[in-house]
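Presented below is the structure to which this report refers.
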Amino acid sequence: NSSTYDTYVEISGVAVNGTSYSSGQVIVGEYGSVWYDVLPGTVHVYIGNGNSTSEANVTLSIYYSNNC
613 NSSTYDTYVE ISGVAVNGTS YSSGQVIVGE YGSVWYDVLP GTVHVYIGNG NSTSEANVTL
673 SIYYSNNC
């Protein structure tokens with residue numbers, strides 16, 4: 613991303629067995645990345661930052677592997 617130092621990612625979801633989980637807000641800064649194990653089911657990815665006065669460009673790549 614070309615965002616600010618306080619850019620964060622949060623990953624949350626509900627597994628097929630009903631278990632809910634969340635990574636919480638993980639600060640990635642201007643050029644960070646996050647690796648997070650998810651369970652089969654519904655997954656949500658949130659991206660944000662605390663800078664409400666500037667635009668930001670973000671590139672999101674999601675890699676999923678079922679190698680458990």
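Just so you know, we're using the numbering used here here: the sequence shown kicks off at 613 and counts up by one.
By construction, the Cβ of each residue, glycine as well, lies at the ideal position given by its N, Cα and C atoms.
At the C-beta level, ILE639 and TYR620 come within 7 angstroms of one another. In this structure, DSSP gives ILE674 a state outside helix and strand, which the three-state scheme calls coil.
For THR654, the uninterrupted beta strand (DSSP E) run begins and ends at 653-660, by DSSP.
7 angstroms or more divides the Cβ of ILE674 from the Cβ of TYR648.
Look at VAL646 here: in three-state DSSP terms it is coil, with no helix or strand label.
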